[in-house]
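**Student:** Below you will find the structure I want to go over with you.
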Amino acid sequence: MRQRIEHGIIQAAGEHKIWVATAEGGLSLGTVQNGLLLSLTQINQHIRDPVENIQSLFVEKRHGNRVWMATNKGVYGIDRDDFHVVHFDKNVGLADNDVNCVLVADDTLWAGSPGGLSYLPLLLQKSSADFGTFITRLHYQLGEKWVVKDLVDSLSSAHQVILPPDAAMTTLLLAGLNYQSQGNLEYRSITTKMMPPMLWWARHNLFSWIFSGFSNSSDTTVVQENSINYGVSLQSGAYKINVTAITAQGIESQYPDEWIIIVRPNWYGTIWFDLFIWSLIFYVIWRIIRARTAYKKLNHAVSDLQLQALQSQMNPHFVGNSINAIQQFFYPPNPGAASNYIEVFTRLLRRTITLSEKHFNNFSSELAYDRDYLQMIKLRFGEHFEYEIQGEKTVPKDLPFPSMLLQPILENATIHGLASEGVSKVVLQFFYTDNTLRCSITDNGKGIKSVPNRPLAKPREHKSKGLELLEKKVKAFNQLYEIELKLELLDLSELNPTATGTCAVITFNKKLGA
Numbered sequence: 000m001r002q003r004i005e006h007g008i009i010q011a012a013g014e015h016k017i018w019v020a021t022a023e024g025g026l027s028l029g030t031v032q033n034g035l036l037l038s039l040t041q042i043n044q045h046i047r048d049p050v051e052n053i054q055s056l057f058v059e060k061r062h063g064n065r066v067w068m069a070t071n072k073g074v075y076g077i078d079r080d081d082f083h084v085v086h087f088d089k090n091v092g093l094a095d096n097d098v099n100c101v102l103v104a105d106d107t108l109w110a111g112s113p114g115g116l117s118y119l120p121l122l123l124q125k126s127s128a129d130f131g132t133f134i135t136r137l138h139y140q141l142g143e144k145w146v147v148k149d150l151v152d153s154l155s156s157a158h159q160v161i162l163p164p165d166a167a168m169t170t171l172l173l174a175g176l177n178y179q180s181q182g183n184l185e186y187r188s189i190t191t192k193m194m195p196p197m198l199w200w201a202r203h204n205l206f207s208w209i210f211s212g213f214s215n216s217s218d219t220t221v222v223q224e225n226s227i228n229y230g231v232s233l234q235s236g237a238y239k240i241n242v243t244a245i246t247a248q249g250i251e252s253q254y255p256d257e258w259i260i261i262v263r264p265n266w267y268g269t270i271w272f273d274l275f276i277w278s279l280i281f282y283v284i285w286r287i288i289r290a291r292t293a294y295k296k297l298n299h300a301v302s303d304l305q306l307q308a309l310q311s312q313m314n315p316h317f318v319g320n321s322i323n324a325i326q327q328f329f330y331p332p333n334p335g336a337a338s339n340y341i342e343v344f345t346r347l348l349r350r351t352i353t354l355s356e357k358h359f360n361n362f363s364s365e366l367a368y369d370r371d372y373l374q375m376i377k378l379r380f381g382e383h384f385e386y387e388i389q390g391e392k393t394v395p396k397d398l399p400f401p402s403m404l405l406q407p408i409l410e411n412a413t414i415h416g417l418a419s420e421g422v423s424k425v426v427l428q429f430f431y432t433d434n435t436l437r438c439s440i441t442d443n444g445k446g447i448k449s450v451p452n453r454p455l456a457k458p459r460e461h462k463s464k465g466l467e468l469l470e471k472k473v474k475a476f477n478q479l480y481e482i483e484l485k486l487e488l489l490d491l492s493e494l495n496p497t498a499t500g501t502c503a504v505i506t507f508n509k510k511l512g513a
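Per numbering that gives the first Met the number 0, residue 0 is the first one in the sequence shown, and the count goes up by one each step.
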């Protein structure tokens, strides 16, 4: 490549490299081969402060990767590999900032200027780390105003500053008291994120602390400027800032500076506000659950009283029907049959009083009660009535069974379900599979759709008082115990037009009644 260079200075920069200084582009690093300039890199594009008005160049013989430049702002040194810059002016001992020529010999920098010849011992810089580091100032934007805090003059022994939640563009200014390296210092900043005081805990502080294994997390950065900018906004929390100044030769200050910056969260951003909201939510949920529990208890008590009331209504109904049946043994008199009937009735009455006090009874006791009732009906109607019990051996004897559930159905079958001609028959049948009990009571009477002198009457027009009470009892059982107790009444003519009679079916699950 060919490039026109006017009023320039050229120095060798090692193998296949040259330094080129021009008035237009400042310092450049070129690559040459076989007499051709292959590339040219402008150094000012890679450094923070451009170097201009270069008067002369000097390349160290022992360090071909470093070039020194004499300018009207002092002497600059640049490393070829990383473009690291050092700068010396009147503040570090030069006679004048307007330097015309520069030379390095035996670790000493010589600079010629209108003010005279100056020298700086570069080796002396490497030997001393006895200088301080300071975080001098903090400033941030609050709305449309800038707030500045001078930290060097701070009387706070804790070295702590608290910022409001809406602080923006937070910046720290840094300084190092090494006069020989003034302007050539860089700073290593170690930022440790910590838990803030408990009053200002926020959700993200707690989560970060837990996820980091209950330890503080640190981040290290190196800045070549004398300031650290934390961006548009700094998240609420506590930050320990430790800053160490480093000279151009890599000598670290023995006296780093350390400050703690606390950014307060908004009151609604604290974990205490979150806990208040969650506590309020849990309190409302607790009150709702408590109210629902109280309602369930009240509903349970109401259903229990309703079931007890139904039991008490069914007892006199059963007793009244039985006493009315006793009258037939006196006209014409039949003392023997009356005695047997009264004996069975008395046994049933005692069992009725006992069973009516319980909501559930074991299957064997319930079956004995129903068997005695059918036996009493057999004594009443004699050869005109037959009954049959099937499948009872397949049911566990200790199976919980709703107390006196079948008696009203049997009573209805033996009063309203008797055959108009021939022998009336009632079949009580049990089916027990998969923990589910199914009980059917079938009679050969007219059926629930037909009564004397009223064919095809609606079921509720001739339903017995006992069945009405039974339906309420089934409903009360389901409300009280939340079981799926079902009662179905079916006219057999719906299955077979030539058949007559009624089939009542009760089903429930064994574990529901336990």
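Note that CB positions come from ideal geometry on N, CA and C, so glycine has one too.
Quick caveat, the model's predicted, so the values are computed rather than measured.
Give, in chain order, every unbroken run of the alpha helix (DSSP H) that is at least 4 residues long and sits entirely within the stretch 192–250.
**Tutor:** Runs found: 202–210.
**Student:** If the criterion is Cβ atoms closer than 7 Å, does the pair residue 191 and residue 217 meet it?
**Tutor:** Their beta carbons are under 7 Å apart, which means residue 191 touches residue 217 by this criterion.
**Student:** Less than 6 Å between the CB of residue 196 and some heavy atom of the ligand FAD, yes or no?
**Tutor:** Summarising the ligand content, the structure contains no ligands, and the ligand FAD is consequently not present.
**Student:** Express the C-alpha separation of residue 484 and residue 556 in angstroms, rounding to a whole number.
**Tutor:** No statement about residue 556 is possible, as the shown extent of the chain runs from 0 to 513 and does not include it.
**Student:** Please report how far the alpha carbon of residue 362 lies from the alpha carbon of residue 410, in whole angstroms.
**Tutor:** Taking the straight line from one Cα to the other gives about 19 Å.
**Student:** Work out the CA separation of residue 146 and residue 264 for me, nearest whole Å.
**Tutor:** Each residue's Cα considered, the two are about 18 Å apart.
**Student:** Quick one: residues in its chain with C-beta nearer than 8 Å to the C-beta of residue 422, no 5 flanking neighbours on either side, listed in chain order?
**Tutor:** These residues qualify, in order along the chain: 382, 383, 384, 385.
**Student:** Residue 252 and residue 133: beta carbons closer than 7 Å?
**Tutor:** Going by C-beta atoms, residue 252 is not nearer than 7 Å to residue 133.
**Student:** Using C-beta distances below 6 Å, list every residue in its chain close to residue 80, excluding the 5 sequence neighbours before and after it, in chain order.
**Tutor:** Around residue 80: 64.
**Student:** Unbroken beta strand (DSSP E) runs of length 3 or more, entirely within the stretch 34–92: which are they?
**Tutor:** List check, beta strand (DSSP E) in window: 35–41, 53–58, 65–70, 73–78, 84–87.
**Student:** Counting only runs that start and end within the stretch 315–382, where is the alpha helix (DSSP H) found for 4 or more residues in a row?
**Tutor:** If we require 4 residues or more, the alpha helix (DSSP H) runs fully inside the stretch 315–382 come out as 334–354, 362–380.
**Student:** Bridge partners of residue 138, per DSSP?
**Tutor:** Paired residue(s): 147, 170.
**Student:** In or out: residue 472 buried (at least 16 other Cβ within 10 Å) or exposed?
**Tutor:** When all chains shown are included, residue 472 counts as buried.
**Student:** Under a Cβ-count criterion, where at least 16 other Cβ atoms within 10 Å of its own Cβ denotes burial, should residue 397 be classed as buried or exposed?
**Tutor:** Exposed: under 16 other Cβ atoms inside 10 Å.
**Student:** Roughly how many angstroms lie between the CA atoms of residue 486 and residue 339, to the nearest whole one?
**Tutor:** About 33 Å.
**Student:** Whole angstroms are fine: how far does the CA of residue 417 sit from the CA of residue 458?
**Tutor:** Residue placement at residue 458 is flagged as unreliable, the pLDDT there being 44, under the threshold of 50; the coordinate-derived value follows with that caveat. Taking the straight line joining both Cα atoms gives about 16 Å.
**Student:** Return helix, strand or coil for residue 476, following the three-state DSSP convention.
**Tutor:** Residue state, collapsed to three classes: helix.
**Student:** Hey, could you find the ends of the beta strand (DSSP E) residue 385 is sitting in?
**Tutor:** First-last of the beta strand (DSSP E) with residue 385: 384–389.
**Student:** Which residues does DSSP list as the beta-bridge partners of residue 508?
**Tutor:** The partner list for residue 508 (beta bridge, DSSP) reads 435.
**Student:** Would you grab the beta carbon distance between residue 201 and residue 284 for me? Rounded to a whole angstrom, and I think it's under 8 Å.
**Tutor:** In fact, because the Cβ distance is near 25 Å, the residues do not count as touching under 8 Å.
**Student:** In whole angstroms, give me the CA-to-CA distance for residue 554 and residue 506.
**Tutor:** Residue 554 cannot be examined here, being either before or after the span of the chain that is shown, 0 to 513.
**Student:** Assign residue 328 to buried or exposed, taking buried as 16 or more other Cβ atoms, counted over all protein chains shown, within 10 Å of its Cβ.
**Tutor:** With 16 or more Cβ atoms within 10 Å of its Cβ, residue 328 is classed as buried.
**Student:** Beta-carbon within less than 7 Å of residue 391's beta-carbon, same chain only, minus the 5 sequence neighbours each way: which residues are those?
**Tutor:** Contacts found: 366, 429.
**Student:** For residue 111, which residues in the same chain have their Cβ closer than 6 Å to its Cβ, ignoring the five residues on either side in sequence?
**Tutor:** Result list for residue 111: 99, 100, in chain order.
**Student:** What three-state label does DSSP hand residue 441 in the structure shown?
**Tutor:** Looking at residue 441 - three-state DSSP - the assignment turns out to be strand.
**Student:** Taking just the CA atoms, how far does residue 215 sit from residue 70?
**Tutor:** If I take the Cα positions, the gap works out to 47 Å.
**Student:** Taking the Cβ atom as the reference point for each residue, do residue 501 and residue 447 lie within a distance shorter than 7 Å?
**Tutor:** Against a cut-off of 7 Å, the Cβ pair of residue 447 and residue 501 comes out as a contact.
**Student:** Beta-carbon within less than 8 Å of residue 32's beta-carbon, same chain only, minus the 5 sequence neighbours each way: which residues are those?
**Tutor:** Closer than 8 Å at the Cβ level, and outside the excluded window around residue 32, lie 15.
**Student:** So what does DSSP say about residue 452, is it helix, strand or coil?
**Tutor:** Note that residue 452 has pLDDT 39, beneath the 50 cutoff, so the model's placement of it is unreliable and no number is given.
**Student:** In three-state terms, what does DSSP make of residue 187?
**Tutor:** Reduced to three states, the DSSP call for residue 187 is strand.
**Student:** Using DSSP bridges, identify the partner residues of residue 131.
**Tutor:** Answer by DSSP bridge pairing, in chain order: 254.
**Student:** Report buried or exposed for residue 106, applying the criterion of at least 16 other Cβ atoms within 10 angstroms of its Cβ.
**Tutor:** Classification of residue 106: exposed, given that the 10 Å Cβ count is below 16.
**Student:** Hey, how far is the Cα of residue 187 from the Cα of residue 278?
**Tutor:** Straight-line Cα distance between these residues: approximately 45 Å.
**Student:** Provide the residue span of the alpha helix (DSSP H) that contains residue 26, from first to last.
**Tutor:** That residue, residue 26, is in no alpha helix (DSSP H); its beta strand (DSSP E) goes 25–32.
**Student:** Which value, in whole angstroms, describes the spacing of the CA atoms of residue 342 and residue 332?
**Tutor:** Those two C-alpha atoms are separated by around 17 Å.
**Student:** Which two residues bound the contiguous alpha helix (DSSP H) that contains residue 409?
**Tutor:** First-last of the alpha helix (DSSP H) with residue 409: 406–414.
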